[in-house]
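Under the numbering used here, the sequence shown is numbered contiguously, ending at residue 247.
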Amino acid sequence: MRQLISSGAPWETIVGYSRAVRVGNVVEVAGTTAQDGATITGLDAYTQAKRILEKIGLAFREAGAGYQHVVRTRIYLTDINDWEAVGRAHGEVFSAIRPASTMLEVKALIDPRLLVEMEATAIILD
Numbered sequence: 122m123r124q125l126i127s128s129g130a131p132w133e134t135i136v137g138y139s140r141a142v143r144v145g146n147v148v149e150v151a152g153t154t155a156q157d158g159a160t161i162t163g164l165d166a167y168t169q170a171k172r173i174l175e176k177i178g179l180a181f182r183e184a185g186a187g188y189q190h191v192v193r194t195r196i197y198l199t200d201i202n203d204w205e206a207v208g209r210a211h212g213e214v215f216s217a218i219r220p221a222s223t224m225l226e227v228k229a230l231i232d233p234r235l236l237v238e239m240e241a242t243a244i245i246l247d
């Protein structure tokens with residue numbers, strides 16, 4: 122069974138993607154930013170990362186998963202110098218879970234106000 126989870130963002134249908142997809146016991150959360158409609162939560166990377174992790178958590182919950190099921194995260198920064206602040210936010214959620222993670226600097230995200238984007242993969246075993 123394939124479960125599609127939508128954030129309600131208008132561009133999901135335009136681009137043709139879902140916030141998250143669950144197939145069997147695997148949940149994939151698409152690239153997530155701190156943008157909610159026209160609003161972006163936070164002017165700094167730490168605050169944006171905190172909002173992103175909240176949104177990822179909501180998507181997992183809707184798919185019947187939780188942070189404890191996360192096995193992989195991918196973090197994209199527009200400035201690699203923000204790695205400590207974003208790493209701190211990531212660690213506040215995942216310090217005990219310790220998923221495999223990648224952090225990369227990218228040239229830009231879809232809106233110049235965005236500093237961070239994250240993806241996550243969960244496998245539900247319980």
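Where is the CB? At the ideal position from N, CA and C, for every residue including glycine.
Quickly, what does DSSP pair residue 227 with across the bridge? List them, please.
Walking along the sequence shown from the start, residue 227 turns up at place 106. DSSP lists no partner for residue 227.
Name the two residues that bound the continuous beta strand (DSSP E) containing residue 125.
Counting from one through the sequence shown, the residue named residue 125 turns up at place 4. Residues 123-126.
Would you call the CB atoms of residue 169 and residue 162 closer than 9 Å?
Residue numbering aside, residue 169 sits at position 48 when the sequence shown is read from its first letter. Residue numbering aside, residue 162 sits at position 41 when the sequence shown is read from its first letter. Against a cut-off of 9 Å, the Cβ pair of residue 162 and residue 169 comes out as a contact.
CA-CA distance, residue 166 and residue 247?
Position 45 of the sequence shown, counted from the first residue, corresponds to residue 166. Position 126 of the sequence shown, counted from the first residue, corresponds to residue 247. About 33 Å.
Enclosing alpha helix (DSSP H) for residue 174 [first to last residue]:
Taking the sequence shown and counting its residues from 1, the one referred to as residue 174 is at position 53. Looking at the DSSP string, the run of the alpha helix (DSSP H) that includes residue 174 is 166-183.
Run through DSSP, which three-state label would residue 206 get?
Looking up residue 206 in the sequence shown gives position 85. Three-state result, residue 206: helix.
Residue from 239, 185, 209 and 221 whose Cα sits closest to the Cα of residue 144:
Counting from 1 along the sequence shown, the entry for residue 144 is found at position 23. The alpha carbon of residue 144 has as its nearest neighbour, out of 239, 185, 209 and 221, the alpha carbon of 185.
Residue 189, buried or exposed, once every other Cβ within 10 Å from all chains shown has been counted against 16
By 1-based counting over the sequence shown, the position of residue 189 is 68. Looking at its Cβ environment, which holds fewer than 16 other Cβ atoms inside 10 Å, residue 189 is exposed.
Buried or exposed: which applies to residue 225, given that a residue is buried once 16 or more other Cβ atoms fall within 10 Å of its Cβ?
Along the sequence shown, one-based indexing puts residue 225 at 104. By the 10 Å Cβ count, residue 225 comes out exposed.
Give every residue of the same chain whose Cβ lies closer than 7 Å to the Cβ of residue 187, excluding the five residues on either side of it in the sequence, and list them in chain order.
Taking the sequence shown and counting its residues from 1, one reaches residue 187 at position 66. Once the five neighbours on either side are set aside, the close Cβ partners of residue 187 are 181.
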